[in-house]
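Enquirer:
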Amino acid sequence: MIPNDPVMLLSYINLKLRDFYPSLEAFCEDTGEELQKIVDKLEQIEYHYDGQKNQFV
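For my numbering, count along the sequence shown from 1 and bump the result up by 38.
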């Protein structure tokens with residue numbers, strides 16, 4: 039289960055992307071999380087996924 043708080047989610051997702059997954063899509067496929075839910079939650083705090091950096095910025 040991923041954190042519900044957007045700031046905690048940001049830290050969690052970026053760590054997972056940096057250390058374990060080549061893309062957000064790979065993370066979602068492996069964990070069963072819904073990609074759009076993550077994107078929407080992090081847009082609330084004005085972060086967007088950068089595929090070239092493989093992180094939310």
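For glycine and all other residues, C-beta sits at the position ideal for the given N, C-alpha and C.
In the DSSP output, what is Phe-94 paired with across the bridge?
Expert: Paired residues: Tyr-87.
Enquirer: If the criterion is Cβ atoms closer than 9 Å, does the pair Asn-52 and Phe-94 meet it?
Expert: It is a contact, given that the beta carbons lie within the stated cut-off.
Enquirer: When you compare only the Cα positions, how much space is there between Tyr-59 and Phe-65?
Expert: Going by the C-alpha atoms only, they are around 6 Å apart.
Enquirer: Can Leu-62 and Leu-55 be called in contact, C-beta distance under 9 Å?
Expert: Result yes, Cβ atoms of Leu-62 and Leu-55 sit closer than 9 Å.
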